[in-house]
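Data block below; observations after.
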Amino acid sequence: MSADRRTLAPFGRRRVPIVDRCEYGSYVVLRCLDEAGPAPRPGQFYMLAAAEAWGGGEGERPFLPRAFSVLRATPESELHFLLEAVGPGTKRLGALAEGEELWLAGPFGVGFAPPAEQRRPLLVGGGVGIAPLAIWQDELGLDATVLLGFRDAAHAEGAAVLAEARLATDDGSVGHRGLVTDLLIQELDHTDDARAAVYACGPPPMLEAVRALCAERGVPAQLALESGMACGYGACFGCVVPTRAGYVRLCLEGPVLDAELLETALIPGTGHG
Amino acid sequence: MSVRFCGIELAHPIINGSGTFDAIAARRAFGDTLLDEFPFAAFVSKTVTVEPRQGNPPPRLWEVAGGLINSIGLPNKGLDGYLAQDLPELARLPVPLIVNVMGFTREEVARLVAAFAEREEVAALELNVSCPNVETGLIMGADPRETAALVTRVRPLTTKPIVVKLTPNATDPAAVAAAAEASGADAVSLINTLRGMALHPRTREPWLGGRTGGVSGAAVRSIALAQVSAVANRVAIPVVGMGGVQSGGDAADVLDAGATLVAVGTESFRDPAAACRISRELESLDRGQARPPDETPKQ
Ligand SMILES: Cc1cc2nc3c(=O)[nH]c(=O)nc-3n(C[C@H](O)[C@H](O)[C@H](O)COP(=O)(O)O)c2cc1C
Ligand code: FES
Chain A
239 MSADRRTLAP FGRRRVPIVD RCEYGSYVVL RCLDEAGPAP RPGQFYMLAA
289 AEAWGGGEGE RPFLPRAFSV LRATPESELH FLLEAVGPGT KRLGALAEGE
339 ELWLAGPFGV GFAPPAEQRR PLLVGGGVGI APLAIWQDEL GLDATVLLGF
389 RDAAHAEGAA VLAEARLATD DGSVGHRGLV TDLLIQELDH TDDARAAVYA
439 CGPPPMLEAV RALCAERGVP AQLALESGMA CGYGACFGCV VPTRAGYVRL
489 CLEGPVLDAE LLETALIPGT GHG
Chain B
311 MSVRFCGIEL AHPIINGSGT FDAIAARRAF GDTLLDEFPF AAFVSKTVTV
361 EPRQGNPPPR LWEVAGGLIN SIGLPNKGLD GYLAQDLPEL ARLPVPLIVN
411 VMGFTREEVA RLVAAFAERE EVAALELNVS CPNVETGLIM GADPRETAAL
461 VTRVRPLTTK PIVVKLTPNA TDPAAVAAAA EASGADAVSL INTLRGMALH
511 PRTREPWLGG RTGGVSGAAV RSIALAQVSA VANRVAIPVV GMGGVQSGGD
561 AADVLDAGAT LVAVGTESFR DPAAACRISR ELESLDRGQA RPPDETPKQ
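This is the structure we're talking about:
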């Protein structure tokens with residue numbers, strides 16, 4: 239794995255202040271100031287926990303930190319994270335206000351690899367999975383085409399974190415009615431397959447559709463996957479995903495994996511808040 | 311805070327629980343600062359078996375109140391893979407190495423012990439006895455006679471210290487500890503994880519790929535303390551206590567219950583450098599010298 243896809247993390251976790259919280263429809267963007275940390279690579283992730291009152295929520299959880307792909311990193315050492323309050327961890331994090339603090343460890347994992355010469359990056363995101371595509375777009379610039387899918391209009395407000403995205407919604411309230419993969423097929427039909435490189439992150443069924451489509455058309459794809467994680471740095475062996483090379487720890491070998499490595503992107507046990 | 315454990319000089323009493331810290335992986339994530347600030351006074355490696363194992367199918371984790379259930383299933387490269395790939399790297403750690411082994415028969419355990427007996431990189435061996443003996447069907451560490459037979463079989467194979475890692479899923483862990491001691495074990499460690507289960511929120515089938523798993527973390531701390539205390543009162547050999555330790559105060563409890571060393575497991579998931587913090591906190595506590603094990607009162 240090339241070194242430029244992995245920025246090493248400082249050892250241990252650090253306490254960082256939240257400097258801004260804002261809502262985009264169904265999503266919250268938390269901005270924190272990580273002055274002790276290095277600049278992450280697009281696609282890397284962090285383990286986050288509220289510094290206070292982590293625990294004692296629904297079912298007396300959360301207990302473990304939660305993994306979040308970095309949404310954006312600024313030259314002023316701000317890290318931005320996108321979240322949707324769906325379980326005890328994301329609810330607690332989503333309730334944090336400016337001035338409160340996070341425990342943060344990372345950056346972890348390996349990020350996206352740049353497209354081969356002559357290939358045009360197509361960024362395909364679904365739901366909260368759009369997060370790593372924003373920092374990747376920041377780096378690639380506006381040559382990258384961005385296609386995003388959401389459930390409905392409230393979720394589609396999240397698209398504002400990226401620039402110039404084409405949208406699809408399940409209910410047709412914004413953009414194309416249907417799947418983001420419909421948009422991907424259109425784009426690929428307009429591009430020579432030999433000149434496209436796909437980067438995708440989103441819910442497992444979406445990723446699986448992207449994987450199958452790219453495999454069929456011979457388009458290289460990198461998928462940022464999700465898996466239940468306890469530690470984020472290879473300690474627990476809890477985050478494995480099945481690949482053609484056997485189980486791999488997603489926090490160590492991913493979260494970005496070459497689609498070719500996967501027989502399926504339908505990872506057991508994902509989507510649990 | 312330096313402490314002697316089975317003849318091994320350690321800088322402080324905090325080590326890791328087997329399978330809860332992968333020093334090789336952590337070095338990939340954190341780089342060499344990990345070695346400069348290495349959190350444990352000795353490193354216990356993840357359980358090694360004779361044959362390579364993939365581990366259990368995912369999902370492997372479920373969060374519970376104050377802890378988690380894991381069904382990792384002991385993935386490892388097998389004895390040959392460990393000797394060729396892991397041991398050379400682990401030998402470069404700045405602390406003594408304790409290798410944790412498990413076999414499905416006594417002969418498998420014997421093979422593992424004999425193989426590591428020859429390796430000078432290895433300071434001590436820990437026997438994970440939380441698995442069934444496929445020949446007798448009994449969990450090796452759940453029954454004093456099974457444990458005695460196992461330790462008796464492997465004891466002559468090495469002069470290195472043998473630590474028996476007890477399972478808490480036994481009727482009387484102290485009786486198992488006494489059997490291990492009588493058969494020549496140099497120390498015991500406890501607790502391993504407690505059997506637990508979670509159901510899938512929708513399908514109502516077991517959530518974990520291995521159906522059941524092991525509970526660890528803060529949730530098991532009081533159970534661990536009771537078992538450490540019972541065992542330390544029963545045996546004269548040193549005890550490594552673990553289970554839900556999150557702070558220097560928790561570590562002090564385990565030491566005051568009779569342990570010589572304290573292992574940190576799940577808390578390292580929440581904070582990779584948790585053990586550094588715990589040993590700092592322990593040092594700053596104004597507590598008397600931990601009792602040497604031979605002064606531990608007997609029942
Ligand atoms: C994810 C995970 C993997 C573990 N793997 C092993 C193992 O390979 N061998 C072993 O003897 N114990 C293993 N354990 C048990 C721990 O070493 C320790 O006994 C237990 O977790 C209690 O300590 P804790 O509450 O501090 O985690 C594992 C525990 C966890 C949580
Ligand atoms: S999350 Fe612990 S090994 Fe990947």
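Those protein sequence lines, which keep their order, are chains A and B. Under the numbering used here, the residues of the first sequence are numbered 239 to 511, in order. Under the numbering used here, the residues of the second sequence are numbered 311 to 609, in order. Quick reminder that beta carbons are idealized off the backbone N, C-alpha and C, glycines included.
Fill in: Coarse secondary structure for R358 (chain A), derived from DSSP in three states
Assignment of R358 (chain A) by DSSP, reduced to helix, strand and coil, places it in the strand class.
Fill in: Own chain residues within Cβ distance below 8 Å of E402 (chain A), not counting five before or after
The answer, listed in chain order, is L380 and V384.
Practice prompt. Please list the residues of the region 420-445 of chain B that have a C-beta atom closer than 9 Å to any C-beta atom in chain A, keeping them in chain order.
Written response: Of all residues in the region 420-445 of chain B, none is placed with a Cβ closer than 9 Å to any Cβ belonging to chain A.
Item to complete: Establish whether the CB of L407 (chain B) and some CB of chain A are separated by less than 8 Å.
Response: No, no contact with chain A.
Item to complete: Quick one: measure Cβ to Cβ for L317 (chain A) and Y265 (chain A), integer angstroms, because I've assumed they're closer than 8 Å.
Response: Wrong, their Cβ atoms sit about 16 Å apart, outside the cutoff.
Worksheet item: Going by the C-beta, is A474 (chain A) closer than 7 Å to any heavy atom of ligand 2?
Response: Residue identity check: residue 474 (chain A) is Cys in the sequence provided, not Ala. At least one heavy atom of ligand 2 lies less than 7 Å from the C-beta of C474 (chain A).
Discussion item. Would you call the region 413-422 of chain A in contact with the region 467-475 of chain A, where contact means no fewer than 3 C-beta pairs closer than 8 Å?
Written reply: Verdict: no, contact absent.
Fill in: chain B residues whose Cβ lies nearer than 8 Å to that of L490 (chain A)
Near L490 (chain A) (Cβ distances below 8 Å), the residues of chain B are A335, R338 and A339.
Item to complete: Return the Cβ separation of L476 (chain B) and L422 (chain B) in integer angstroms, given the expectation that the two are a contact with Cβ distance under 8 Å.
Response: Between L422 (chain B) and L476 (chain B) the Cβ distance is about 18 Å, and since that is not below 8 Å, they are no contact.
Discussion item. Within a Cβ cutoff of 8 Å, which residues of the same chain sit near E515 (chain B), ignoring the five residues on either side of it in sequence?
Written reply: Result list for E515 (chain B): L509, in chain order.
Discussion item. Any C-beta of chain A within less than 7 Å: which residues of the region 384-404 of chain B qualify?
Written reply: For the region 384-404 of chain B, the beta-carbon criterion of a distance under 7 Å to any beta-carbon of chain A is satisfied by P385.
Item to complete: Establish whether the CB of R253 (chain A) and some CB of chain B are separated by less than 8 Å.
Response: Not an interface residue.
Worksheet item: Roughly how many whole angstroms lie between the Cα atoms of A425 (chain B) and V538 (chain B)?
Response: Those two C-alpha atoms are separated by around 30 Å.
Practice prompt. Could you name the residues of the same chain whose beta carbon sits closer than 6 Å to that of G476 (chain A), not counting the 5 residues immediately before and after it, in chain order?
Written response: A468, listed in sequence order.
Fill in: R455 (chain A) versus Y437 (chain A) - alpha carbon distance
Approximately 15 Å between the Cα atoms of the pair.
Worksheet item: Residues in its own chain within less than 6 Å of I382 (chain B) by CB, not counting five upstream and five downstream?
Response: Around I382 (chain B): G365 and R370.
Practice prompt. Identify each residue in the region 346-364 of chain B for which the Cβ-Cβ distance to at least one residue of chain A is less than 7 Å, and report them in chain order.
Written response: Listed by position along the chain: E347 and Q364.
Fill in: Other residues of its chain near E428 (chain B): CB distance less than 7 Å, five sequence neighbours each side excluded
Correct list: empty, nothing qualifies.
Worksheet entry | Test: A398 (chain A) CB closer than 8 Å to a CB of chain B | At a cut-off of 8 Å, the C-beta of A398 (chain A) has no neighbouring C-beta in chain B.
Discussion item. I want to see whether chain B comes within less than 8 Å of G379 (chain A), judged by CB atoms only; does it?
Written reply: Output row for G379 (chain A): interface = no.
Worksheet item: Mind pulling the chain B residues with CB within less than 7 Å of C260 (chain A)?
Response: In chain order: nothing, as chain B lies at least about 28 Å away.
Worksheet item: Under 9 Å Cβ-Cβ, which residues of chain B neighbour R299 (chain A)?
Response: The answer, in chain order, is E373, V374, A375 and G376.
Worksheet item: In chain order, what residues of the same chain have a beta carbon less than 6 Å from the beta carbon of A484 (chain B), not counting five sequence neighbours either side?
Response: These residues qualify, in order along the chain: A540, V541 and R544.
Item to complete: Starting from the Cα of R251 (chain A), find the closest Cα among B:N502, B:A584 and B:P323 and give me that residue.
Response: Nearest of B:N502, B:A584 and B:P323 to R251 (chain A), Cα basis: B:A584.
Item to complete: Pull up the CB-CB distance for G565 (chain B) and P323 (chain B), whole angstroms please, since I reckon it's below 8 Å.
Response: The amino acid at residue 565 (chain B) is misidentified as Gly; the sequence shows Leu. The C-beta separation of L565 (chain B) from P323 (chain B) comes to about 7 Å, placing the pair in contact by the 8 Å criterion.
Discussion item. Please tell me whether, using a cut-off of 7 Å, the distance from the CB of L470 (chain A) to the nearest non-hydrogen atom of ligand 2 is below it.
Written reply: Note on identity: in this sequence residue 470 (chain A) is Gly, with Leu being the wrong assignment. Checking every heavy atom of ligand 2 against the Cβ of G470 (chain A), one is found closer than 7 Å.
Worksheet item: In the structure shown, what three-state DSSP assignment does G327 (chain A) receive?
Response: Helix at G327 (chain A).
Worksheet item: Bridge partners of W374 (chain A), per DSSP?
Response: W374 (chain A) is not bridged to any residue.
Worksheet item: Does the count of Cβ pairs from the region 349-363 of chain B and the region 408-418 of chain B closer than 8 Å reach three?
Response: The region 349-363 of chain B, when compared against the region 408-418 of chain B, does touch it at the 8 Å Cβ threshold.
Item to complete: With 9 Å as the C-beta to C-beta threshold (strictly closer), list the residues of the region 564-582 of chain B near chain A in chain order.
Response: From the region 564-582 of chain B, only T576, S578, F579, R580, D581 and P582 have a Cβ closer than 9 Å to chain A.
Worksheet entry | Euclidean distance between Cα positions of H510 (chain A) and G325 (chain A) | Interpretation of H510 (chain A) is limited by its pLDDT of 40, a score under 50 that renders its predicted location unreliable; no figure is taken from the coordinates.
Item to complete: May I have a chain-ordered list of the beta strand (DSSP E) segments no shorter than 3 residues that lie completely inside the region 340-399 of chain B?
Response: Listed in chain order, the complete beta strand (DSSP E) runs (minimum 3 residues) inside the region 340-399 of chain B are 371-374 and 377-380.
Discussion item. Check whether chain B comes within 8 Å of A468 (chain A), counting only Cβ atoms and requiring the distance to be less than that.
Written reply: Interface criterion met: the Cβ of A468 (chain A) is under 8 Å from a Cβ in chain B.
Item to complete: Could you check what DSSP says for T383 (chain A) in three-state terms: helix, strand or coil?
Response: Looking at T383 (chain A) - three-state DSSP - the assignment turns out to be strand.
Worksheet item: Just checking my contact of G327 (chain B) with V574 (chain B) at CB under 8 Å: how many whole Å lie between their CB atoms?
Response: Beta-carbon to beta-carbon, G327 (chain B) and V574 (chain B) are separated by about 7 Å, close enough to satisfy the 8 Å threshold.
Discussion item. Among B:I325, B:R337 and B:I318, whose alpha-carbon lies nearest the alpha-carbon of A247 (chain A)?
Written reply: The shortest CA-to-CA distance from A247 (chain A) to any of B:I325, B:R337 and B:I318 is the one to B:R337.
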